[in-house]
Amino acid sequence: MATIVDISLDIGSLLQDWSAPSTSTAKLSPPKEANLIRAGPSYYAHVQRTINQWSFDEQDKHRNDKVREHLQKKAAQNETDMDDLGVGDEPESAELLASDPKEWKKLDLYAVLGLSHLRYKANNDQIRIAHRKKVLKHHPDKKAGLAGDSNDDAFFKCIAKATE
């Protein structure tokens, strides 16, 4: 339960004891002239508002509409064009398939993902797509019922290391 306490305070006595702070001995540096570069997102937003005679709300509405259009186009493109960027289709050599995941530092990790032709030039999207393709192809659960290559689990671990 809250308790209310009434405190009487005489502000007049506090103001009588107050004195202005002493003046500082520091000096201000003289103003300098500087050329401003008319660039940057804030300047461009100002120009857009000035030219179109928009308020801030109108500019925000316009920007949101543009973002919405862009996202809709991107979603439509992703639905119709499942581009895999041409990565991850390189066949694995028998030596790669037989590799030990404990020796991952000695492996060519780009070759594991099927990106040996790109090497360090591979971007994040290409690495992500190649990883998905290799995981779908070499997942141990997918090959669990099949007799044959028992080293797929080891190669799957190599794929995980290569993505890291």
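Numbering-wise (the numbering used here), the sequence shown opens with residue 7 and increments by one.
Yeah, the Cβ is synthetic: ideal placement off N, Cα and C, and Gly gets one too.
These numbers come from a predicted model, not from an experiment.
Original post:
DSSP three-state call for R44: helix, strand or coil?
Top reply: coil
Original post:
By Cβ distance below 8 Å, which residues in the same chain neighbour K140 in space, the five residues on each side in sequence not counted?
Top reply: Once the five neighbours on either side are set aside, the close Cβ partners of K140 are G94, V118, L119, G120, I165.
Original post:
Near D96, which residues of its chain fall below 8 Å by C-beta distance, leaving aside the five closest residues on each side in sequence?
Top reply: First, the amino acid is wrong: residue 96 is Glu here, not Asp. These residues qualify, in order along the chain: A117, G120, L121, S122, H123.
**OP:** Please classify S99: is it buried, with 16 or more other beta-carbons within 10 angstroms of its beta-carbon, or exposed?
**Re:** exposed
Original post:
How many Å lie between I13 and Q22 at the Cα?
Top reply: If you take the alpha carbons of I13 and Q22, they lie about 20 Å apart.
Original post:
Taking the Cβ atom as the reference point for each residue, do A160 and P107 lie within a distance shorter than 8 Å?
Top reply: yes
**OP:** Report the rounded CA-to-CA distance for H137 versus V73, giving the unit in angstroms.
**Re:** 30 Å
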